[in-house]
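Residue numbers (our numbering): 89 to 237. Quick reminder that beta carbons are idealized off the backbone N, C-alpha and C, glycines included. Here the structure comes first, spelled out in structure tokens, and everything after it is commentary.
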């Protein structure tokens, strides 16, 4: 899933859970739960599987998340420490994954294997096309945003 989806899930968790650390843990856990849902990214064209594209895509995705946070905060109060912790927890698995891809550091290998396990649990047998995955994730963000607001 895109960081925008995971971040939006984090906002929702942080709104509902007042304990920052519980919100962080739930954000982290829900990252893996949502990554199990087939979402088309394994069908991305192979030419995009390089560090430059991944970094640019990540930056673009974080900018989208920032704009979404600004939009949501203009509609409802989300400035709570539990929201910040939940967003952080929901993004952490992808941050660790990125650190592994950039550095190939052994300390991130377990995180990569865990991430890959959950990410491929269902999508190894069933996966959406890349275009359908984009649309599916957009629909999830819209639904979650409606719930939050």
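Can you name the start and end residues of the alpha helix (DSSP H) that residue i belongs to?
i, result
"residue 97", "91-104"
"residue 115", "108-124"
"residue 182", "169-191"
"residue 129", "Counting along the chain, residue 129 falls outside any alpha helix (DSSP H), and DSSP gives it neither H nor E."
Report the residue from the options whose alpha carbon sits nearest the alpha carbon of residue i.
i, options, result
"residue 109", "169, 182, 210", "169"
"residue 151", "236, 219, 93, 210", "93"
"residue 220", "140, 197, 126", "126"
"residue 159", "188, 107, 99, 207", "99"
"residue 104", "171, 176, 178", "171"
"residue 210", "96, 111, 120, 116", "120"
"residue 177", "95, 112, 96, 97", "112"
"residue 236", "144, 203, 135, 165", "165"
Rounded C-beta distance between residue i and residue j? I'm assuming under 8 angstroms.
i, j, result
"residue 185", "residue 199", "7 angstroms"
"residue 218", "residue 132", "5 angstroms"
"residue 122", "residue 101", "Going by Cβ atoms, the distance from residue 122 to residue 101 rounds to 11 angstroms, so no, they are not a contact pair."
Which class does residue i belong to by DSSP, given the choice of helix, strand or coil?
i, result
"residue 141", "helix"
"residue 216", "coil"
"residue 221", "helix"
"residue 260", "Nothing in the structure corresponds to residue 260, since the chain is present only between 89 and 237."
"residue 209", "coil"
Count the other CB atoms within 10 Å of the CB of residue i; is the residue buried (16 or more) or exposed (fewer)?
i, result
"residue 229", "buried"
"residue 167", "exposed"
"residue 174", "buried"
"residue 154", "exposed"
"residue 278", "Since the first and last residues shown for the chain are 89 and 237, residue 278 lies out of range."
"residue 190", "exposed"
"residue 157", "buried"
"residue 299", "Any question about residue 299 goes unanswered here, given that the chain covers just 89 to 237."
"residue 214", "exposed"
"residue 91", "buried"
"residue 106", "exposed"
Nearest chain D C-beta to residue i closer than 8 angstroms, yes or no?
i, result
"residue 234", "Here chain D cannot be found, since the structure has a single protein chain."
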